[in-house]
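Have a look at the structure below before the remarks.
Numbering (my numbering), first residue to last: 27 to 329.
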């Protein structure tokens with residue numbers, strides 16, 4: 027496999043690319059998508075209680091014919107239907123049709139109720155019971171991790187967060203904090219620069235590198251994400267794209283390629299910040315104008 031395994035702090039290893047089911051919905055077509063992903067080489071399936079497609083993912087995994095040890099399953103506690111962490115993993119295991127998951131995550135710090143230390147203690151019990159080989163979190167920021175680490179007996183193995191070229195520098199302190207404490211970063215939505223934000227500064231180095239390597243821009247972005255030492259979570263409903271994503275693990279990006287994408291991403295982030303500031307300024311001026319007009323109509327002198 028072109029994508030390496032990454033060692034976690036509990037001694038287990040995680041495939042460094044995962045097929046994510048977040049946007050797939052549910053039903054038979056989702057079973058087909060996951061089945062195709064497995065058939066092209068994805069050995070890590072990422073789902074969640076909140077995605078409502080664990081049953082479909084489980085069916086595809088069973089129909090693949092792979093031994094349980096040969097497929098890595100990540101799912102997440104999403105606080106769906108008011109279920110506790112203990113209740114939720116039992117439901118997830120039933121829907122997935124397995125006796126354990128490889129990685130179980132708290133989907134968001136907001137759902138760590140009544141507080142992060144209590145929720146994390148429940149996660150530690152699941153690991154001790156063998157229901158999850160590894161435990162971790164998702165969408166946690168540094169303050170959330172600090173609270174967790176202050177009470178944790180078992181360190182989180184991973185923190186799944188959004189990582190792409192335009193937000194990498196913003197996320198870098200969080201990634202480095204995790205690295206310092208042995209928490210691997212998992213990055214979802216790595217293709218945002220081409221799927222949701224085309225036309226930005228990253229396009230130029232991306233197109234240049236793609237042309238030189240005879241690769242697709244999305245493959246270059248995945249190879250760039252891989253270079254950061256993170257677990258990459260990506261998705262597609264098209265088999266040929268899935269095949270390209272697996273092949274991206276072999277793309278020979280140079281240090282110069284990576285630096286060029288980094289620099290373009292940083293430039294794009296600055297432009298986004300400037301545009302956001304301008305939008306807020308325009309909105310503030312509009313509100314002020316309305317206030318002045320209203321005051322004038324009421325005969326109130328506010329100057």
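Yeah, the Cβ is synthetic: ideal placement off N, Cα and C, and Gly gets one too.
Spanning the alpha carbons of residue 37 and residue 161 requires a straight line of approximately 12 Å.
Rounded to the nearest whole angstrom, the C-alpha separation of residue 241 and residue 250 is 13 Å.
Per DSSP, the unbroken beta strand (DSSP E) holding residue 213 starts and ends at 210-214. DSSP places residue 41 inside the beta strand (DSSP E), whose first and last residues are 39-41. Classified as buried, residue 164 has 16 or more neighbouring CB atoms from the shown chains inside 10 Å of its CB. Here DSSP, grouped into helix, strand and coil, assigns residue 156 to coil. For residue 226, the number of other beta carbons within 10 angstroms of its own is at least 16, and it is reported as buried. A check of alpha carbon separations from residue 54 across 129, 89, 120 identifies 89 as the nearest. The C-alpha of residue 86 lies about 27 Å from the C-alpha of residue 221. Residue 83 is a Cβ neighbour of residue 71, given a cutoff of 7 Å.
In the structure shown, residue 59 falls within a helical segment according to DSSP collapsed to helix, strand and coil. DSSP lists 98 as the beta-bridge partner residues of residue 70. Rounded to whole angstroms, residue 201 and residue 208 show a C-alpha spacing of 10 Å.
Secondary structure of residue 86 (DSSP, three-state): helix.
With contacts defined by Cβ atoms closer than 7 Å, residue 67 and residue 106 do not form a contacting pair. For residue 206, the uninterrupted alpha helix (DSSP H) segment begins and ends at 194-206. Distance check between residue 289 and each of 234, 224, 213, 191 places 191 closest, using alpha-carbon atoms only. One thing to note: residue 142 has its Cβ no nearer than 7 Å to the Cβ of residue 175.
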